[in-house]
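First comes the structure, then the notes that go with it.
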Amino acid sequence: MVKHEGAGSTENCFLDTRMWGKEHGLSRPYPVMCHLLDTGAVFQELWDVVLSDKTRAAIADALGLNVVESRALVSFWAGLHDIGKITPPFQAQVPACYSPVRNDPAYVSAPGAETEKSFRHEIASHWALSELFSAAEYPGDRRLPRKSVGHQVAQLLGGHHGLFGPVLKAKEAAQASSYNPGLGAQGWAGQRRAHFEELRRAMGAFVVPLYGLPAGLAVVVAGLVVVADWLASQTSAIEPRIPDPDWSGTAEEVDAHWQAAVKAAPGLVQAGRLGRARFSAEEFGAMFPFAPNSLQRDLAEHLPGLVGEHGAGLVLVTAPTGDGKTEAALFASSLLGRAAGARGLYFALPTMGTADAMLPRVEAFASRSLSGERALMLLHSMAWLSSADAGGKAAAFEAPVGEGLMSAGRGTVVEADGWLRGPKRGLLAPLGVGTIDQALSAVLPLRYNALRLFGLSDKVFVVDEAHAYGPWMHQLLVRLLEWLGTMGAPVVLLSATLTGRSAGSLVDAYRRGAGFSEPSRVVPRYPGWLFASGVSGEVSAARSTASNRARTLKVLRRPVVWDTAEPAGAPVREGGRRAALREVLAPVVAEGGTALVCCTTVAEAQQTYRDVRAAFPGLVARPDGLRLLHSRFPADVRASITARCETMYGKPRPSGEAVTARPASVLVATQVVEQSLDFDFDLVVSDLAPLAQLLQRAGRGRRHERGPLGRPRWAAAEDEPELVVLDPLAVPGGSVPRSWGKVYDAGLLRRTSQILSKCAGEGIKIPAGVQQLVDEVYEEDFVDRLEGAAREELARLDEERAAVEAAERHLAAWTGICAPADVQGDLSKLSRREVGVTEELLTTRLGADTGRVLCLYEQADGVVTLDPEGKAPVPAGGRRGLKAAELADVARRVAPVPGRWLRGGELAGAVPQRWGTHPSLRDLVLLAMSPMGDGTWRCRHGRYTISMSEVGLEAE
């Protein structure tokens, strides 16, 4: 071993600066000691800037230290994260650096130790630090590593690449190098100890914790370690700080590097936009440019007192669509965030489209109501397209998010760059709007799930459409709320149609995480809200509020024979669905006005569109007279249709001019119109669906006040919107159409049909009658009110639904991570997957049979283009894949399809290698479409013939 005069040393083992920590993309290798110091310095800055006073105090209290001691100690831990790089397998990755070490007799290792590639450096950190902390007299029983504070910290630091290793056995911890030759033997252990002690000296972290960290705080520290490592690993941060070739690691040199690292850290954190937003506005009027409605006013009058008395917690708001739940949620978020000292908020929505629409509303709220760091990120699988439109920068109020290539192994470069620009990075921004899956991934055993939990741990978490998730996602939401309760993160839940049982499960999950296990027995009010404290456990009685638009929903239940399969030109069958549609749409066509026709499947929406077009040719002749909206269009086409629909059917703009009735227009759509789209129709027609979905669709009927001249004569009664339900179960011997498959539970459809039969005469009082009806659909004694065959059939269907829901709940429990109370010192439980559970399985939402296609159109001259018009040539790609603009152009034209369409034709539709490996190209299937001469394009793929036309993608 080379001896450096005056070098930092421990028991005659001198710091060997040949041990490199970063190399890729740098002018010279960067000593591992320097990277450990850099990371510790960045962590200290993150501790000061990102963590709240409450969190810092909680960590200190958990460790049995004061805040100053805890800051030094935990920052020292962060620096130690890469000590596992002082091992033969890692050092051998750069032969030129490893050669002199390998030939140094001071370093001894078993033959082939440097080839132990599976013994990654983060695993080595876990194993090595367990021994080093034990030698440093961290408390714990060496015979029970799981209860050892040193092992808990070592396991935490070993998870800095997103996965936590299993708890070491006592004999493994005692004889680590015997079980893992990759640790090296003589010399290697001494060098790790020398780095450990020199880092400890330079950072002044000589205190020893008295206790370990509970699960919630361990996740916070683990997440902050990852962030510190990634920020310190930027090439732009390292290159100016590479020491001279003769740098020998003396105590003076180490101290100088440490001081320089401390000086540079604030700039790195500031450039990363990782500060804290502050909820500055206190009054509703300061947050919004309008007076509060009844719901919002009641929250403003009563929630401050509850929060002032009991501390922050969870707010549940239940109200009809159009009653201002979004503004109510943002007001509650500001109040809760200020009480909790939260650093921002994340607004979670069910779909990408609803997230896109919410972004400007949150942006406007933040500009008026927040101060401090207000970096705002849009988070869903296609959000990068929005960034591409803005020149590749993340959405933010001021300067763009800090950028930089990452210096590390090539795998780390990809992961870290994904964090800075993609979903791993996004949840760390103070403000976020995105899909619910971005948050639910935190409670699945995915790589970096702890980073996601950390990203949510100090924010207000808002969930829109809390009723819209099936048993699997509901169970994951329950688990996430447990974790947020443990970490003291405020929560706001919004719903238009949430059952009392579901509401109770969500509230109780949050309280359970906060340490209150007794059931709350929540009884929600509609419209209304309730508050559950995460500090005292107090659950307020739900408050009923008035609605600014109390209405009576007139329900017309039309028994129909299901004849959607009939071609558009076929004779119309009396009593059939096609005849009913012609009858209810006739006033729209004759007298003007707008109508929504909501179908169960995409195929039926496409066929309904064709049938309405054939029935009303005059309607089609008018501009925007007939439109079709569903999910099976290319993304850019669907976005264009949605934007046009928002203009045609959206809220009247306050221009001062009188609002007039709209000309005749019909939108045929699927369930995509149910959530968060602010559409207003004069008439809503829907196929039978579960009651909650029907009420959501009915909320698009006469949603906004348009005045006495704003609607056609037949729809003049704005407070009596009409919902026509086409019910195939209402005819004698009627059954659920086979074409619907498993879209809806048959038992819920039966129950809904029965309830509608009694509502048809008197209507449904909105909002007063909604909660009772929503709960009634799920009542256990519902079946007892029926007789004979109807009773037997519904009992059978109920049993089937119960079995399916139980299976989905079991899947969530099987695939999700454990509750925070069950971690019990073993963070590997956050990474552990059952046999057969893969990351791919989890990220595709378990059994969601979907595929993604890109149509390529062969023009008459043989040229292949991305568009039917022949104006966008297919990009050739290159050695580095598609350029950013080309990639965005491709991604905008992708469409989702059922996975069964694509089976058997995968090889024929593979993405060209020269397009690269961007995540948006993963599993994409290319369809070579040929023209049919009538505006239709077609191809054969596997067992299906797939076509593209004005109605979107179809298969037969």
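First residue of the sequence shown? That's 227 in this note's numbering, and the numbers climb one at a time after it.
Cβ atoms here follow ideal geometry from the backbone N, Cα and C, with glycine treated the same way.
Mark residue i as exposed unless 16 or more other C-beta atoms lie within 10 angstroms of its C-beta, in which case mark it buried.
i: A772; result: exposed
i: K489; result: exposed
i: M578; result: buried
i: R923; result: buried
i: N406; result: buried
i: A616; result: Residue placement at A616 cannot be trusted, given a pLDDT of 42 that sits under 50; what the coordinates show is reported in the next sentence. Classification of A616: exposed, given that the 10 Å Cβ count is below 16.
i: V294; result: exposed
i: L370; result: exposed
i: R636; result: Confidence is the limiting factor: at R636 the pLDDT is only 35, short of 50, which leaves the residue's position unreliable, though a coordinate-based value still follows. Exposed, since its Cβ has fewer than 16 Cβ neighbours within 10 Å.
i: Q997; result: buried
i: R777; result: buried
i: S593; result: exposed
Who pairs with residue i in a beta bridge, going by DSSP?
i: S759; result: G539
i: P913; result: Per the sequence presented here, residue 913 reads as Asp, with Pro not at that position. Per DSSP, L952.
i: M603; result: G658
i: C1081; result: L1153
i: M1174; result: W1163, L1179
i: A1110; result: None, per the DSSP bridge assignment.
i: A895; result: C824, L855
i: S721; result: T544
i: F905; result: Its beta-bridge partners do not exist; DSSP assigns none.
i: F687; result: Y572, V717
i: T1076; result: P1124
Which residues mark the beginning and the end of the alpha helix (DSSP H) in which residue i is found?
i: F505; result: Counting along the chain, F505 falls outside any alpha helix (DSSP H), though it belongs to the beta strand (DSSP E) covering 503-505.
i: R727; result: 726-739
i: D198; result: Outside the shown range of the chain, which is 227 to 1182, sits residue 198, and nothing can be said about it.
i: D274; result: 258-275
i: G579; result: 578-595
i: P697; result: 697-713
i: V1089; result: Taken as a continuous stretch (DSSP letters only), V1089 belongs to no alpha helix (DSSP H), as it is neither H nor E.
i: R673; result: No alpha helix (DSSP H) contains R673, which DSSP labels as neither H nor E.
i: G376; result: 375-383
i: K650; result: 649-652
Residue i to residue j, Cα distance in whole Å?
i: A538; j: K248; result: 44 Å
i: A1029; j: G385; result: 38 Å
i: A829; j: R502; result: 48 Å
i: A767; j: L756; result: 6 Å
i: V689; j: V798; result: 45 Å
i: L646; j: V452; result: Note that L646 has pLDDT 38, beneath the 50 cutoff, so the model's placement of it is unreliable and the number below is only indicative. Answer to the nearest angstrom: the Cα atoms are 12 Å apart.
i: R1148; j: Q664; result: 18 Å
i: V761; j: R738; result: 12 Å
i: L955; j: Q833; result: 21 Å
i: G1051; j: L355; result: 16 Å
i: A621; j: K650; result: Per-residue confidence for A621 stands at a pLDDT of 36, beneath the threshold of 50, marking its modelled position as unreliable; the derived number appears in the next sentence. Distance between the alpha carbons of A621 and K650 is about 15 Å.
i: L653; j: H483; result: 31 Å
i: A1114; j: L682; result: 29 Å
i: A419; j: L358; result: It is worth fixing the name first, because residue 419 is Arg in this sequence and not Ala. The alpha-carbon atoms of R419 and L358 are separated by roughly 7 Å.
i: G741; j: A735; result: 10 Å
i: D470; j: K311; result: 21 Å
i: G413; j: Y333; result: 4 Å
i: F687; j: V327; result: 51 Å
i: H1144; j: D1024; result: 45 Å
i: A204; j: E599; result: Since the first residue of the chain shown is 227 and the last is 1182, residue 204 is not available in this structure.
Could you give the first and the last residue of the continuous beta strand (DSSP E) run that contains residue i?
i: R1058; result: Element bounds for R1058: n/a, residue is neither H nor E.
i: Y572; result: 571-575
i: K551; result: It is not in any beta strand (DSSP E) - K551 instead sits in the alpha helix (DSSP H) that spans 551-566.
i: A772; result: First-last for A772: undefined, no H or E at that position.
i: A1121; result: 1121-1124
i: P466; result: Segment: none, P466 is in no beta strand (DSSP E) and carries neither H nor E.
i: R783; result: 777-785
Using 7 Å as the cut-off, classify the Cβ of residue i as near or not near the heavy atoms of the ligand ATP, replying yes or no.
i: D663; result: No copy of the ligand ATP appears in this structure; indeed no ligand is present at all.
Fill in: Inside the segment 956-982 only - alpha helix (DSSP H) runs reaching at least 4 residues
none
Worksheet item: Where in the segment 793-829 do unbroken runs of the alpha helix (DSSP H), each at least 4 residues long, occur, reported from the N-terminal end onward?
Response: 803-817
Worksheet item: Whole alpha helix (DSSP H) runs in the segment 390-447 with 4 or more residues, listed along the chain?
Response: 396-400, 402-405, 414-429
Fill in: Every unbroken alpha helix (DSSP H) inside the segment 473-532 [4 residues or more]
477-497, 510-513
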